[in-house]
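Line by line, the protein sequences give chains A and B.
Under the numbering used here, the first residue of the first sequence is numbered 841, with each subsequent residue one higher.
Under the numbering used here, the first residue of the second sequence is numbered 8, with each subsequent residue one higher.
Each residue gets a CB set at the ideal place from its N, CA and C atoms; glycine is no exception.
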Amino acid sequence: MPETVMGGQKVRELTFAQAIKEALAEEMRRDSTVCIMGEDVAEAGTPFKVLSGLLEEFGKDRVLDTPISEAGFTGLAVGAAMTGMRPVVDIMFGDFITLTMDQMVNQAAKVHYMSGGKWKVPMVMRTTMGATRRSAAQHSQSLHAWYCHVPGLKVVLPSTPYDAKGLLKAAIRDENPVVFFEDKMMYKMKGSVPEGDYTIPLGVADIKRVGEDISLIATSSMVQVALGAAAMLEEIGISAEVVDPRTMWPLDEKALIDSVKKTSRAIILDEGYERYGVTAELASVIATGAFYDLDAPVKRMGAMHVPIPFSPPLEDLTVPTEQTVFEAARKLCGR
Amino acid sequence: MTTATQPTTSQEVALWLRMYRQMVAIREFEGQVNELYTRALMPGLAHLYIGEEAIAVGVCEALERTDYITSTHRGHGHCLAKGASPDQMFAELLGKKAGYCKGKGGSMHIADPATGNLGANAIVCGSAGIATGAAFSANRLGNGRVAVCFFGEGALGQGVLYEEMNLAQLFKLPVIYVCENNLYTEYTHYSECTAGDVLMRAQAFGLEAVSVDGQDVRAVHQTAQRLVDRARSGGGPSFLLCNTYRYHGHHVGDINREYYRSKQEEHMWKTERDPILNMGKWLIEQKHADAPALGRVQQELESEMKKAVEFAVAAPYPNASEVEEDVYA
């Protein structure tokens, strides 16, 4: 599926949340089997107001408020996807994906393989991630690595409104279960989004900033942190490239390796826990694919190995910032 | 308790003979599975449905081919009753490419879109969501289908069952939750892990909940037919509790069972409550069949199952290149 931006489309400034709602609305207009279900998705439009207005256009049959039963409605979506619907389930906080584990890991992810390719599960789970919202340990985690670990699932982490719209439309059209993680701190972030239809294929990274001296490979909101750090690095004469894999699986390994072969240094940035997390996997890809081009060890920066604390000065310590990334990059470049 | 009706039409007689034959088919199939295990021809284990045949047959005879079922680790009976062919099932049990799932699923994961079988599931209660979702699709797409979720009484311990019954009732979905209470949750008597009243659990969500003698195929069928018709005509979800007994162990390797149940108890069920024996007696009493005819049914199916086993034993394994196929659609 090529990346398509139709000629003559008007480009507007939309927030990340508006881009997601636009993707959903366009797909629901295009395909009557697409429906949304989750807690407070209808009248409330979610606590983040991402879905406001969809109920009015599509009605209660397609925008369904559910009980607080994450396993229940996720399991229902798996069966619905197998039998002709394209459900999009909304898991309000990414921390609650733990409640959907059997439905996603043992059911959705395995149905296609276990049935020898006979059944398929074209569903999307939208959920959130991201700390520093002062929401404490059970509403702040970034648990996308859990789903990255499971064959049969695809995992998407958009970092801009443009990517969010194009990737979500591709996810809804995908024949597999796709988990779509939205950093809740980015919902109000603005960016250019074309009107109308375009998709971004799953498995294609994007170079968010071209540079020569170091690769900052970053996911989701960490892309913005990386871009901020890159601007600071430029002031001291270090040219940083920012690479956004956009999807954790499928993973565009070549784009990561090519970037590091060019720059010879890499920092991996991800808001999930650093231990046993996404940064470890990406660092391994680079260590294997660009070993003879590296001038420094690959540096990983993820969330600290602690439950996310409530107290703001403590919470802010747990995730990478522009300043900590700037300092790590400077050190890695020997400056 | 539902009681079976008296015979009235030739269609009913044909149905009863068909149900008898299907029960024998399942028993003969499972007998061969046990044989494959004891002869060390089958990889892994299998969970035999022997003793519980009347439930799968009675329920599936109330369904259309396009209706959906979900099944369990003890699922061979459900798959056969919904129309699966024994040769492809045996091939799957042996991990062969000719199997329903190209050998990738095995005994506990047989799935077959052609007969509406959404798949057997090795997570206890793992398919409650899938069955409810299939009913959701049927409702939204307006295709008139219903879904049956088979599960053992062990699944009563899983919270997701209650989430699904709540959702099914809220959305008025055409789904029937069929609980097969074979008395043993693996190696533990169900009374040790089931508090309160089982039917009341479903009734609390507003589902119609009934219990039936799971050893009486006519009673199972009659009740299932009513609940299926009710679901199809928009009456919503229901819960059917079938009281039954597992003749064999939890799986084929569970042969020393005295620590959790007595041989006398097993003997009583096998001699007094057997669904095939009792249906056969009834068919003869009612002069719908004679003993030689029923004997021929058994011989035909035994021979059919042996041929299916031969097919599966001779069938090739998948190629190594197939291990990474079908992970993604």
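C-beta contact flag for residue i and residue j at 8 Å
i, j, result
"residue 1012 (chain A)", "residue 926 (chain A)", "yes"
"residue 1043 (chain A)", "residue 1087 (chain A)", "yes"
"residue 1054 (chain A)", "residue 1103 (chain A)", "yes"
"residue 70 (chain B)", "residue 316 (chain B)", "no"
"residue 1085 (chain A)", "residue 849 (chain A)", "no"
"residue 1158 (chain A)", "residue 1144 (chain A)", "yes"
"residue 979 (chain A)", "residue 933 (chain A)", "yes"
"residue 158 (chain B)", "residue 79 (chain B)", "yes"
"residue 239 (chain B)", "residue 245 (chain B)", "no"
"residue 834 (chain A)", "residue 856 (chain A)", "Missing from the structure shown is residue 834 (chain A); chain A here goes from 841 to 1175 and no further."
"residue 228 (chain B)", "residue 68 (chain B)", "yes"
"residue 1060 (chain A)", "residue 174 (chain B)", "no"
Residue i versus residue j: straight-line alpha-carbon distance, rounded
i, j, result
"residue 8 (chain B)", "residue 919 (chain A)", "The predicted model places residue 8 (chain B) with a pLDDT of 46, which falls under 50 and marks its position as unreliable; any figure quoted below should be read in that light. Roughly 32 Å between the two C-alpha positions."
"residue 892 (chain A)", "residue 969 (chain A)", "20 Å"
"residue 960 (chain A)", "residue 923 (chain A)", "9 Å"
"residue 56 (chain B)", "residue 956 (chain A)", "24 Å"
"residue 1058 (chain A)", "residue 102 (chain B)", "43 Å"
"residue 74 (chain B)", "residue 144 (chain B)", "12 Å"
"residue 1190 (chain A)", "residue 912 (chain A)", "Look at the range of chain A in this structure, 841 to 1175, and you will see that residue 1190 (chain A) is not part of it."
"residue 928 (chain A)", "residue 1018 (chain A)", "9 Å"
"residue 1074 (chain A)", "residue 1150 (chain A)", "34 Å"
"residue 119 (chain B)", "residue 29 (chain B)", "18 Å"
"residue 296 (chain B)", "residue 290 (chain B)", "6 Å"
"residue 211 (chain B)", "residue 187 (chain B)", "20 Å"
"residue 308 (chain B)", "residue 97 (chain B)", "14 Å"
"residue 151 (chain B)", "residue 975 (chain A)", "46 Å"
"residue 842 (chain A)", "residue 1062 (chain A)", "Per-residue confidence for residue 842 (chain A) stands at a pLDDT of 44, beneath the threshold of 50, marking its modelled position as unreliable; no derived number is given."
"residue 1137 (chain A)", "residue 1046 (chain A)", "23 Å"
"residue 1204 (chain A)", "residue 991 (chain A)", "Lying before the first or after the last residue shown, residue 1204 (chain A) is absent from chain A, which here runs from 841 to 1175."
"residue 72 (chain B)", "residue 241 (chain B)", "19 Å"
"residue 1064 (chain A)", "residue 958 (chain A)", "41 Å"
"residue 1082 (chain A)", "residue 169 (chain B)", "47 Å"
"residue 108 (chain B)", "residue 324 (chain B)", "12 Å"
"residue 888 (chain A)", "residue 881 (chain A)", "10 Å"
"residue 1110 (chain A)", "residue 981 (chain A)", "12 Å"
"residue 916 (chain A)", "residue 905 (chain A)", "13 Å"
"residue 1193 (chain A)", "residue 1032 (chain A)", "What is shown of chain A runs 841 to 1175, which leaves residue 1193 (chain A) out entirely."
"residue 189 (chain B)", "residue 331 (chain B)", "38 Å"
"residue 138 (chain B)", "residue 243 (chain B)", "14 Å"
"residue 1024 (chain A)", "residue 1131 (chain A)", "35 Å"
"residue 1001 (chain A)", "residue 95 (chain B)", "49 Å"
"residue 1021 (chain A)", "residue 995 (chain A)", "8 Å"
"residue 1096 (chain A)", "residue 1010 (chain A)", "22 Å"
"residue 39 (chain B)", "residue 53 (chain B)", "11 Å"
"residue 962 (chain A)", "residue 1174 (chain A)", "48 Å"
"residue 176 (chain B)", "residue 1066 (chain A)", "49 Å"
"residue 230 (chain B)", "residue 281 (chain B)", "19 Å"
Sheet register partners of residue i (DSSP bridge)
i, result
"residue 875 (chain A)", "A:927"
"residue 852 (chain A)", "A:1033"
"residue 1020 (chain A)", "A:966, A:996"
"residue 187 (chain B)", "B:159, B:249"
"residue 78 (chain B)", "B:127"
"residue 903 (chain A)", "A:876"
"residue 1084 (chain A)", "A:1046"
"residue 119 (chain B)", "B:124"
"residue 860 (chain A)", "None, per the DSSP bridge assignment."
"residue 1226 (chain A)", "Given a span of 841 to 1175 for chain A in the structure shown, any question on residue 1226 (chain A) remains unanswerable."
"residue 154 (chain B)", "B:75, B:182"
Are there three or more Cβ pairs, one per stretch, closer than 8 Å when the region 982–994 of chain A is compared with the region 1112–1125 of chain A?
With three or more CB-CB distances shorter than 8 Å, the region 982–994 of chain A counts as touching the region 1112–1125 of chain A.
Considering only residues of the region 952–1004 of chain A, which uninterrupted beta strand (DSSP E) runs meet the minimum length of 3 residues and lie entirely inside it, listed in chain order?
Counting only runs of 3 or more, we get 964–969, 994–996.
What are the complete beta strand (DSSP E) segments, minimum 3 residues, inside the region 1087–1147 of chain A?
Listed in chain order, they are 1087–1089, 1106–1113, 1139–1143.
So does the region 175–189 of chain B actually touch the region 123–142 of chain B, counting three or more Cβ pairs closer than 8 Å?
Segment contact: the region 175–189 of chain B against the region 123–142 of chain B, three or more CB-CB distances shorter than 8 Å; contact assigned.
Contiguous alpha helix (DSSP H) assignments of at least 4 residues, all confined to the region 191–243 of chain B:
Segments of the alpha helix (DSSP H) lying fully in the region 191–243 of chain B: 205–210, 224–239.
Contact between the region 78–87 of chain B and the region 59–67 of chain B (3+ Cβ pairs under 8 Å):
Taking 8 Å as the limit for Cβ pairs, the verdict is that the region 59–67 of chain B does touch the region 78–87 of chain B.
Can you confirm whether the region 161–174 of chain B touches the region 108–116 of chain B when touching is taken to mean that 3 or more C-beta pairs between the two stretches lie within less than 8 Å?
Contact annotation: the region 108–116 of chain B does not touch the region 161–174 of chain B, with fewer than three C-beta pairs closer than 8 Å.
Touching by the beta-carbon criterion (3+ pairs, under 8 Å), the region 1062–1082 of chain A and the region 1160–1172 of chain A
Under the three-pair Cβ rule at 8 Å, the region 1062–1082 of chain A counts as touching the region 1160–1172 of chain A.
Any contact between the region 235–254 of chain B and the region 205–222 of chain B? By contact I mean 3 or more CB pairs, one from each, below 8 Å.
Yes, they touch.
Counting pairs of Cβ atoms below 8 Å between the region 946–956 of chain A and the region 120–135 of chain B, do you hit three or more?
As far as the Cβ criterion goes, the region 946–956 of chain A touches the region 120–135 of chain B, which means the pair count is three or higher.
When you compare the region 196–216 of chain B with the region 278–290 of chain B, are there three or more beta-carbon pairs, one atom per stretch, that lie closer than 8 Å?
Three or more beta-carbon pairs separated by less than 8 Å are not found between the region 196–216 of chain B and the region 278–290 of chain B, which leaves the two stretches without contact.
Which runs of the alpha helix (DSSP H) at least 4 residues long sit entirely within the region 15–80 of chain B? Give them in chain order.
Secondary structure within the region 15–80 of chain B: the alpha helix (DSSP H) runs of 4 or more consecutive residues, fully enclosed, are 17–45, 60–67 (chain order).
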